[in-house]
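Data block below; observations after.
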Amino acid sequence: MELDPKYDHYDFPTKAPIEAPGHPGYLKPEEQAQVAQLRMMLEAEGFTKRLDTLTLLRFLRARKFDVNAAKQMFADCEKWRAETNLDDTVSTWEFPEKAQLFDYYPQYYHKTDKDGRPVYIEQLGKIDIAALNKISTPDRMLTNLAVEYERLADDRLPACSRKSGHLLETCCSIIDLKGVSLGKATSVYSQIQSTSALSQNYYPERLGHLFLINCPWGFSAIWSIIKGWLDPVTVKKIHILGSGYQNELLTHIPAENLPVEFGGTCNCEGGCHLSNMGPWREEQWANPPKKDAPAPAEPEAKEAAAPAEAEAKPEEAKAAA
1 MELDPKYDHY DFPTKAPIEA PGHPGYLKPE EQAQVAQLRM MLEAEGFTKR
51 LDTLTLLRFL RARKFDVNAA KQMFADCEKW RAETNLDDTV STWEFPEKAQ
101 LFDYYPQYYH KTDKDGRPVY IEQLGKIDIA ALNKISTPDR MLTNLAVEYE
151 RLADDRLPAC SRKSGHLLET CCSIIDLKGV SLGKATSVYS QIQSTSALSQ
201 NYYPERLGHL FLINCPWGFS AIWSIIKGWL DPVTVKKIHI LGSGYQNELL
251 THIPAENLPV EFGGTCNCEG GCHLSNMGPW REEQWANPPK KDAPAPAEPE
301 AKEAAAPAEA EAKPEEAKAA A
């Protein structure tokens, strides 16, 4: 994968662990050309942020490498970011009602699966919309979800990539439907629709595996509706499990990383749902988010002969870059 020195300033591995079409480290020449084409088209329309190769590849994969469709998706995402003032919000966001909200709707990242990806957990069966609306607002809850997606991109996934030694761009999600009754069904699936729309439209190619556990009787009928909201590629990543899900989860997630209530052995002090444990909190692997990191130092002035030497040895200069 060719990197662009103007935008690609990665401090973590950039090669995917498994060869797959359109994934970093395994690009065909025409796919690399489509990245350059998409970047050029976006620059021509005045976009200057998030034009790095990994980001553009995610949008291209989400649109089956249709460059025009990927450009439109990217432009729509940037419009949404501007309308919500997301860039500024991320750096200043505070969500003090989090602990209270998690009594009625736990949503959290917790350690990693066996592939090194962050594990994300939601317990939809605990949703109580009336109680949630007394503590916060739907807009604030969606904003918090977007902020957590931003933190997934920077700094959770980079830390996981450093620890695993290869690029990780997706997470392993567990959605627990225990307690979802017919009375809750409308509010629960309305919540799924709004959150899935946000993830699909603005954070493409972030799903590795999704385990729906404790699926209630009759869920297959509901699932047939939900599938209509999702991309077919996404549907293939989703595993529908009943109450006997523990062995399947432990096939993908180490017992010591999986909370006790889901069949693992982890029991973080204060509760796994509030611990935010993972490589992103381990000094060896964590780096400050880019928005908070100090700007790189200006390179020292080189002797006049240096440019001539680089020009005389283009292969060595390219390798060094």
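The sequence shown begins at 1 in UniProt numbering and counts up one residue at a time. Ideal placement from N, C-alpha and C gives every residue a C-beta, glycine not left out.
Going by beta-carbon coordinates alone, are residue i and residue j separated by less than 8 Å?
i                : j                : result
leucine 38       : valine 67        : yes
glutamine 193    : tryptophan 229   : yes
leucine 132      : tyrosine 105     : yes
alanine 16       : proline 5        : no
leucine 60       : glutamine 34     : yes
tryptophan 93    : valine 147       : yes
lysine 163       : glycine 116      : yes
serine 161       : proline 13       : yes
glycine 22       : phenylalanine 74 : no
residue 325      : proline 158      : Beyond the ends of the chain as shown, which are 1 and 321, falls residue 325; an answer cannot be given.
tyrosine 109     : proline 96       : no
residue 341      : lysine 111       : Because residue 341 is not part of the residues shown, which for the chain are 1 to 321, the question remains open.
residue 324      : lysine 114       : Nothing about residue 324 can be reported from this structure: the residues present for the chain run from 1 to 321 only.
valine 233       : lysine 227       : no
cysteine 266     : glutamate 282    : no
isoleucine 127   : valine 188       : yes
phenylalanine 47 : leucine 274      : no
aspartate 155    : alanine 286      : yes
glutamine 100    : isoleucine 135   : yes
Residue range of the alpha helix (DSSP H) that residue i falls in?
i              : result
leucine 177    : Taken as a continuous stretch (DSSP letters only), leucine 177 belongs to no alpha helix (DSSP H), as it is neither H nor E.
histidine 273  : 272-275
isoleucine 238 : Taken as a continuous stretch (DSSP letters only), isoleucine 238 belongs to no alpha helix (DSSP H), being part of the beta strand (DSSP E) at 238-240.
glutamate 248  : 246-252
serine 136     : Where serine 136 is concerned, there is no enclosing alpha helix (DSSP H), given that its DSSP letter is neither H nor E.
methionine 1   : Neither: methionine 1 is in no alpha helix (DSSP H) and is coded neither H nor E.
isoleucine 222 : 219-226
threonine 14   : First-last for threonine 14: undefined, no H or E at that position.
threonine 265  : Neither: threonine 265 is in no alpha helix (DSSP H) and is coded neither H nor E.
alanine 255    : Element bounds for alanine 255: n/a, residue is neither H nor E.
alanine 36     : 29-44
proline 232    : 232-235
Comparing the CB of residue i with every heavy atom of the ligand NAD, is any distance shorter than 7 Å?
i             : result
threonine 137 : With respect to the ligand NAD, the structure shown offers nothing to examine, as it has no ligands at all.
Between which two residues does the beta strand (DSSP E) carrying residue i extend?
i           : result
residue 340 : Examination of residue 340 is not possible in this model, given that the chain is present from 1 through 321 alone.
State buried or exposed for residue i, treating a residue as buried only when at least 16 other CB atoms are found within 10 Å of its CB.
i              : result
histidine 9    : exposed
residue 323    : The structure shown does not extend to residue 323, since the chain is modelled only from 1 through 321, so no value can be given for it.
isoleucine 18  : exposed
glutamine 107  : buried
proline 279    : buried
asparagine 201 : exposed
aspartate 176  : buried
aspartate 88   : exposed
glycine 264    : buried
isoleucine 225 : exposed
alanine 320    : Model confidence at alanine 320 stands at a pLDDT of 41, short of 50, so the residue's coordinates are unreliable; what they give is reported in the following sentence. Exposed.
glutamine 72   : exposed
proline 259    : buried
alanine 70     : buried
glutamate 43   : exposed
glutamine 123  : buried
threonine 251  : exposed
aspartate 76   : exposed
threonine 143  : buried
glutamate 269  : exposed
glutamate 150  : buried
methionine 141 : buried
glutamine 284  : exposed
Contained alpha helix (DSSP H) runs [length at least 4] in the segment 140-170, N- to C-terminal order: 157-164
Do the segment 237-244 and the segment 205-214 make contact, defined as three or more Cβ pairs closer than 8 Å? yes
Entirely within the segment 49-131 and at least 4 residues each: give me those alpha helix (DSSP H) ranges in chain order. 53-62, 67-84, 86-92, 98-101
The segment 164-172 / the segment 194-209 touching (three or more Cβ pairs under 8 Å): yes
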